Every structure is written in structure tokens, then in C-alpha cells.
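K.L.:
Chains as they are written, first to last, in the numbering used here: chain A, 247 to 376; chain B, 247 to 376; chain C, 247 to 376; chain D, 247 to 376; chain E, 247 to 376; chain F, 247 to 376.
Note that beta-carbon positions come from the ideal geometry of N, C-alpha and C, so glycine has one too.
Note that the structure is a prediction, hence the values are computed from the model and not measured.
Supplied in C-alpha cells, the structure appears directly below.
There are 6 protein chains.
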Amino acid sequence: MAGAQPIEYSQAGPEVRAVFDDIKHTRNIPDVNNFWKVIANHPPTLKRTWESLKGIMAPGALDPLVKEMLYLAVSIAQSCDYCIASHTAAAKKRGMTDEMLGELLAVVGMASETNRLATGWRVPVDEALR
Amino acid sequence: MAGAQPIEYSQAGPEVRAVFDDIKHTRNIPDVNNFWKVIANHPPTLKRTWESLKGIMAPGALDPLVKEMLYLAVSIAQSCDYCIASHTAAAKKRGMTDEMLGELLAVVGMASETNRLATGWRVPVDEALR
Amino acid sequence: MAGAQPIEYSQAGPEVRAVFDDIKHTRNIPDVNNFWKVIANHPPTLKRTWESLKGIMAPGALDPLVKEMLYLAVSIAQSCDYCIASHTAAAKKRGMTDEMLGELLAVVGMASETNRLATGWRVPVDEALR
Amino acid sequence: MAGAQPIEYSQAGPEVRAVFDDIKHTRNIPDVNNFWKVIANHPPTLKRTWESLKGIMAPGALDPLVKEMLYLAVSIAQSCDYCIASHTAAAKKRGMTDEMLGELLAVVGMASETNRLATGWRVPVDEALR
Amino acid sequence: MAGAQPIEYSQAGPEVRAVFDDIKHTRNIPDVNNFWKVIANHPPTLKRTWESLKGIMAPGALDPLVKEMLYLAVSIAQSCDYCIASHTAAAKKRGMTDEMLGELLAVVGMASETNRLATGWRVPVDEALR
Amino acid sequence: MAGAQPIEYSQAGPEVRAVFDDIKHTRNIPDVNNFWKVIANHPPTLKRTWESLKGIMAPGALDPLVKEMLYLAVSIAQSCDYCIASHTAAAKKRGMTDEMLGELLAVVGMASETNRLATGWRVPVDEALR
């Protein structure tokens, strides 16, 4: 009873191929990674996830590198090993240096610590922050 | 059996006052917020937390606004209501617009969704990402 | 310093064997899986966990397949890799099709996304929902 | 520095009104709840979230009540108070009885317990489950 | 659509009363707190939860105060506000001083920070720890 | 794109070596484990984390074994596999027996279960606990 198998382009139906093509074109890469190949087992999820992601991660008020770093921070806080691996790579591709990664991880660690301190000490929200 | 009471400057001993003074001076604010007043119930935690935070959040390879936004993203992923309130305010003070907040929250939501998809589908890490 | 070793039937004392026998009989399986073999290192935990689980997962107002799917959803939200593997298998044994799994994972992902949106946006609970 | 304010229909622009109208029509309700009114502060998030949710929660291989219960289970595991309130109500509207809720909560609690036992005991995944 | 109502002793059936009586007797308290009154809406959950808790929290290889502090640490890590309030009180009743609470919270915060550092840096498990 | 590589003593600069030396001296061990070698990729994080940890885990109102067990409990609740492995070993070194570990894991599991029950049932905090 293994996990779901990745679906390769050659095995994929037209709906899945169309999404794979769009991912490869948008990102200028030769192949999609395992995340897309596995969720292709449920084509509506593949299509909706890609469309949402493409819209959300596009340049806007925040630049794409900042968005990738936010994505990585959340993935660490939620212990998603796959996502940490893939979004560390994606952020590096967009220009995150080792020094930036070091600082990002320090912020994530610090936030995690003070989150628990604020919750554990039952700190009441300040009037000015309500 | 209420939670720990905030410690006001007037009640505080010299060790706590020194930290409060440094926070107020560094941030140019008239008073510290409840987080600091409550953790002042354990002076070593107050001192260590402030010194760590001051070092980590200072300008470096990442600018302070990006750091505040990462802090906020982690606080949402970990459901810390106090921290969400205080770091939303802190990020706004550093220049986060409503549009930037809207995009940040969209990224946090999307990351949270794909974290669970990657984990639930048991996606194997790609060779290239190991 | 490896993790705790699984305890096989042949090595087990009578208290552990009695639980293993009941699991095998109730589920009509030839052997228990590693979860039970490992927690057998602490016999009171083995016994209590099995008795609680047997009671909770029995048919009731919810049918056993729905219960298995709820179990799987929680295990994904909490990033328990072992539990995701074992409860995906258990749900399939009870009739969960690939299409049902695909929809389950979509719901888990969506819930995870809107959980973070509601928390991050600090949405006040509606009067009618209090 | 309060949280984002809910946007009422009367204040909303045409893009937001179109989504509110579709929610009200689809669910046959006189007004949308606070979740939608607050995320309307970022119209692209409102539109995308509603469209994704409408697609995912529609009848399919899983019936809508089961989907609502899965949604609720995830919301509990992730401590989203707003979502617990709103999806408990939504599931009741779709037919969840008090007895079904009692069993759902028992399953969520049990899953949470065994998730931690499996992780804490470092149980190795069985060959047959890989 | 409020949450479930607490069930008072005077309204309770004999099965619930028997559990309430045992809690009051075991803990030597005049009334049970809201946790028990609310889960009494599902009597099998009330009975099983109390019996499990009574067994687990009894003196053993770990003394009851250490167990209460572990309970509190988990409740903070999982953001359960009710449980933080009730287990802080329970630990104080068993002898936890303010200084002990301060140190406990410092450990919880530190663990939370290094958990995220280890995960975010993708630290490989040492041979000796496997 | 592998994760960050561990930094061995022979490759390390003087700032990193000084921290490694202090860890080895304080703990009376011949080498530091991978956690320290990997976070040494960001020397300020290495230094600050070690100094904080050394202070927090020193004997105080709580003895070091209790602190290690609290650390382990949090690491399980947050699904940090590396930390579970390393702090199980550290607690054993400080005297945690198999029986104590069994009880610790039972408490963590139970807390996790009742955390979700309290949250899912939306239990209101008792007057006396506010």
C-alpha cells in the first residue's frame, strides 16, 4: 500500500498535460516536480491548485522573492518537509542568498518562541491592538 | 486564578526597568506593550527575549519590514492571537500597506493548503531537492 | 540510541498478547502493525489505547468509513507520517476509493487555507455563531 | 489598530457584490457571514476562495455532510476558533446530530492522541504501508 | 448557534453523575470544572476521558507535578487556551511556584524555537541517534 | 539542491569553534551533534541559540531532567523528528528510564486528546480560571 504514484507527462490525459505545460512554460523549466505529478492523481485539485498558486505568487504589492520566503516560513512552522525542500530551492532561484536564509530561519525560530511565550503566559491583547 | 499580571514600570525592579528603557529607546515608543510587561514576571526571560529579538530583527541581509512579515506569517500558522495583533501593527508601522497584507495572507493561506496536500498525498522528495 | 524496538508476539508477555489477540480477532488480520508493537513497550498505554480506539471507531451515529476519513484528516493536519500511511490504508480497506481520497485531500487543503485566512484576518465570530 | 473591518454589501464594489450574491444564492441565505465580509478587504482573495470552496464542497464522491465534518475536524486540529464555530453550524444545517458531533469529536481527540504516540515513540512505517 | 452547554449535576443522568462524583472524590473538590460539564454532552466521551486521565495522571515513575507540567507544555505548544488556564491552575495546586512556571515557559519557548531551526535547516539525524 | 551541509570543527572559523568548544566542555562530550554543525552555517544563530539554551537548561527551580522532558514533550507536539531523537537521548542520559518515557508519552498523548476536545467542544473558561 504505497502512497500515490507520480503521473508522468507521457501517461497523462489532456487536462493534466495542459496544466503541466502551463507550469513548465510559466516557470521555464523542462519538467514539473513531484508535487504536481502526484496531485495529478486528482485532476481538479491539480488545476485549481496551479491556478491559485500562479495568481497568488505573481508579482504584486509584494515581490515574488518575498512571497517565496513567506511560503517557506509557513512550511517550516507547519513541518512540511517536502515544502521546505521545494520552497528553499524556489527562493534560492529567485535570489535568496545563504545569509538571507540564515536570517529567515532566525526570524522563524524567534517567532515560534515568542508565539509560545505569549500564549503560555496568557498575555492580554493591549487596548491599542484590539 | 487569573493569568500573570502585567508589571508596570513603576512597580518594576532595576533589571526590568533597564530592559523596558532599552525597548522604548530602540523603538522610540512611550511605553512597552503587554507582552513585555507580562514576561517581566520572569526577568531572565524578559532580558534574553529582548536581546535575541533586538539582534534578529535588526536590518541585515533582509530588511526589517520583510522580517516583520515573516514573523506575522509564522504567528498565523501557529495561531498566536496576541502575536498576530502585535505583529500586524508592527508591520504596518514599518510600511506594510493593506494591499501587502492582503497578499501576505493569501500566500500564508496557499502555503497552508499545499503543505497539507504534499503531506496528505505523501509526495516523495524529488532527487534534485534532496 | 535507536527508537524503541517493536515487540513481537513471541517476545510478549501475557498482558500484551491478550491485546494483540483482540486486535487481530477484531480486525481479522494475521498480525498487528508496528504502531501496536512499539507502544507495547509500555503495556498500560497499549491496553488503554486499544480499548479506547475499539470503542470510538465502532459503528455508531457515524459509520466506520467516515470515522477513518476523519482520523486521516486530523493526521494530515498534524503531520503524522506514520498515521497518514496507516489510516489511508485503513480507509481504503473500508471502501475509500481514489476519487474519495482525492476529494478528502482537497477538503483538508481548503480547510487548512481558510483556517489561516480566518485567523490571519482576525475575523470576529458572528453573533449568530456564538 | 483594530483588525480589518467587515465590508457590508451596501459599501461593496461590484466585484465583491457579485461574489456575495453568488454565496447567498448558492446557499439560500439572506446575508454572508463575517468571514466573507472580512476577506472582502482583498477582493482577489474573496473571489478565489469562494470559487475554490464552492467547487470543493459540492456533492461528489463524498457527500456534502461528510465534507463539512472533515472541514470541522481539520479546523479543530488547527485551533481555528472562528472556523470551528462556523463549520459546526454548517454541519448541523446539513444534518449532523448531537450524537454525530459527539462521535466526531471523540475521533478527533483519539486521532490527536495516537498521532503524538506514533511520533513520540518514533514508530517505523511498516513495509506493507510504504 | 452557541457552543454546547455545560451540564450541571442537577440536570445530569446517573451515568454522568457517577463520573462527576468520582472526579470530585478523587480530587477532593466541590464541583467539576466546565471541561467535564461540557463533554458530559457525550457521556461515553466523559467516562472514557476521565478514566484514561485518572490512570495516566496518577503517581508512577513520574510524579504528579511533573505530569501536570508536561500537560501544560503540550497545551501551550498546541494553543489550547482552555487547557493552558486549567493546567496552569492544576500545576500550581500541586506545588508549581512562579519561578518554576517561568522556567517551564522558557523551556517551552526554547524548544519551539529549536524545533523550527532543526526542521527549517533540514538537519540530518546523527548516526548515533537513529 | 541538498539541505545545508554540517560544518565540521576542522572547517570552522574561530567564532564557530569557540561555541563548539563551549558545548563540548559544558556537556563533556567529544563532538557536537548535527544540529550545531548545521546551524553553524549562520554563526550568529549558533552563538545565540547555544547561549540561550545553556542558560535555560541549567539547574534552577526545575531540575535538568524535568527540563529535558518538557523539551521532548514540546518537540513531539510540534512533530520535530530531529528534536525527538536528540532530546529522547538527552533525557535518557540525565536519568529518564523506559518507564518514565512510557509515562511521558502517555501524558503527551492524553494532553493532545483533551486539547482537541476542549477546543472542539468550545468549552468556556471557568470564572475561577480567568
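Measuring alpha carbon to alpha carbon, tell me which of 349/B, 317/B, 303/B and 339/B ends up nearest residue 290/D.
P.N.:
With distances taken between Cα atoms, residue 290/D lies closest to 349/B.
K.L.:
Please return the same chain residues whose Cβ sits closer than 6 Å to the Cβ of residue 293/B, not counting the five positions on each side in sequence.
P.N.:
Once the five neighbours on either side are set aside, the close Cβ partners of residue 293/B are 265.
K.L.:
Can you list, in chain order, the residues of its chain whose CB lies under 7 Å from that of residue 269/B, leaving out five sequence neighbours each side?
P.N.:
Around residue 269/B: 278, 282 and 296.
K.L.:
Spell out whether any CB of chain C is found under 9 Å from the CB atom of residue 334/F.
P.N.:
Closer than 9 Å: yes.
K.L.:
Under DSSP, the alpha helix (DSSP H) around residue 325/C begins and ends at which residues?
P.N.:
Careful: residue 325/C lies outside any alpha helix (DSSP H) and carries neither H nor E.
K.L.:
Near residue 276/A, which residues of its chain fall below 8 Å by C-beta distance, leaving aside the five closest residues on each side in sequence?
P.N.:
Correct list, in chain order: 270.
K.L.:
Would you call the segment 304-323 of chain B and the segment 339-355 of chain A in contact, with 3 or more CB pairs under 8 Å?
P.N.:
Cβ pair count under 8 Å is three or more, so yes.
K.L.:
Could you spell out the range, first to last residue, of the alpha helix (DSSP H) harbouring residue 249/F?
P.N.:
Note, residue 249/F: premise wrong, no alpha helix (DSSP H); not H, not E.
K.L.:
Please return the same chain residues whose Cβ sits closer than 6 Å to the Cβ of residue 287/A, not counting the five positions on each side in sequence.
P.N.:
If we look at residue 287/A and ignore the five residues flanking it on each side, its Cβ neighbours are 250.
K.L.:
At a CB-CB cut-off below 7 Å, which residues of chain A make contact with residue 354/E?
P.N.:
Those within 7 Å of residue 354/E in chain A are 362 and 366.
K.L.:
Can you name the residues of chain A whose CB is closer than 7 Å to the CB of residue 298/D?
P.N.:
Under the 7 Å cutoff, chain A gives 294 and 298.
K.L.:
Is it buried or exposed for residue 319/C, if we count other Cβ within 10 angstroms and need 16 for buried?
P.N.:
With 16 or more other Cβ atoms within 10 Å, it is buried.
K.L.:
For residue 351/D, which residues in chain E fall below 9 Å Cβ to Cβ?
P.N.:
Going along chain E in sequence order, the residues near residue 351/D (Cβ under 9 Å) are 285, 288 and 291.
K.L.:
Would a C-beta distance cut-off of 9 Å place residue 367/E and residue 363/A closer than the cut-off?
P.N.:
No, Cβ-Cβ distance for residue 367/E and residue 363/A is not below 9 Å.
K.L.:
Could you check how far apart the C-beta atoms of residue 369/F and residue 284/E are, in whole angstroms? I think they sit under 8 Å.
P.N.:
That belief holds up - the Cβ atoms of residue 369/F and residue 284/E are roughly 5 Å apart, short of 8 Å.
K.L.:
Flag this pair as yes or no: are the beta carbons of residue 311/B and residue 340/B separated by less than 9 Å?
P.N.:
For residue 311/B and residue 340/B, yes; Cβs fall inside 9 Å.
K.L.:
Can you tell me whether DSSP reads residue 301/A as helix, strand or coil?
P.N.:
Helix.
K.L.:
Shorter than 9 Å from the beta carbon of residue 341/D to some beta carbon of chain C?
P.N.:
For residue 341/D, the answer is no, since every Cβ of chain C falls outside 9 Å of its Cβ.
K.L.:
Check this for me: beta carbons of residue 355/D and residue 334/F, under 9 Å apart or not?
P.N.:
Their beta carbons are not under 9 Å apart, which means residue 355/D does not touch residue 334/F by this criterion.
K.L.:
Provide the residue span of the alpha helix (DSSP H) that contains residue 350/B, from first to last.
P.N.:
First-last of the alpha helix (DSSP H) with residue 350/B: 344-366.
K.L.:
List, in chain order, every chain C residue whose beta-carbon is nearer than 8 Å to that of residue 325/A.
P.N.:
Near residue 325/A (Cβ distances below 8 Å), the residues of chain C are 325.
K.L.:
Residue 309/D by DSSP, collapsed to three states: which one?
P.N.:
Of the three classes helix, strand and coil, the one that applies to residue 309/D here is coil, per DSSP.
K.L.:
For a contact defined as C-beta to C-beta under 9 Å, what are the partners of residue 259/B on chain F?
P.N.:
Within chain F, no residue comes near residue 259/B; the closest Cβ sits about 18 Å away, beyond 9 Å.
K.L.:
Could you check the C-alpha separation between residue 252/F and residue 267/F for me, to the nearest Å?
P.N.:
One C-alpha to the other measures close to 16 Å.
K.L.:
My output table needs one value for residue 294/A: the three-state DSSP class, helix, strand or coil.
P.N.:
The answer is helix: DSSP assigns residue 294/A an H, G or I state.
K.L.:
How far does the alpha helix (DSSP H) with residue 280/A in it extend, from its first residue to its last?
P.N.:
Start and end: 280-285.
K.L.:
Skipping 5 residues on each side, what residues in its chain have a beta carbon closer than 7 Å to that of residue 406/F?
P.N.:
What the structure shows of chain F is the stretch from 247 to 376, and residue 406/F is not part of that stretch, so it cannot be assessed.
K.L.:
Taking the C-alpha atoms as reference points, what is the distance between residue 299/D and residue 353/C?
P.N.:
If you take the alpha carbons of residue 299/D and residue 353/C, they lie about 9 Å apart.
K.L.:
Would residue 317/A pass as a contact of residue 357/B if the rule is Cβ separation under 9 Å?
P.N.:
Against a cut-off of 9 Å, the Cβ pair of residue 357/B and residue 317/A comes out as a contact.
K.L.:
Counting contacts by CB-CB distance shorter than 9 Å, is residue 253/F in contact with chain E?
P.N.:
No, because no Cβ of chain E sits closer than 9 Å to the Cβ of residue 253/F.
K.L.:
Determine the DSSP secondary structure at residue 269/F, reduced to helix, strand or coil.
P.N.:
The answer is helix: DSSP assigns residue 269/F an H, G or I state.
K.L.:
Which residues of chain D have a Cβ atom closer than 8 Å to the Cβ of residue 280/C, listed in chain order?
P.N.:
Under the 8 Å cutoff, chain D gives 369, 370, 371 and 372.
K.L.:
Counting only Cβ pairs nearer than 8 Å, list the residues of chain A close to residue 313/B.
P.N.:
Under the 8 Å cutoff, chain A gives 349 and 353.
K.L.:
Using only the alpha-carbon positions, how far apart do residue 326/F and residue 324/E sit?
P.N.:
One C-alpha to the other measures close to 14 Å.
K.L.:
I'd like the list of long-range same chain contacts for residue 329/B, defined as Cβ closer than 7 Å, with 5 residues on each side in sequence excluded.
P.N.:
These residues qualify, in order along the chain: 321.
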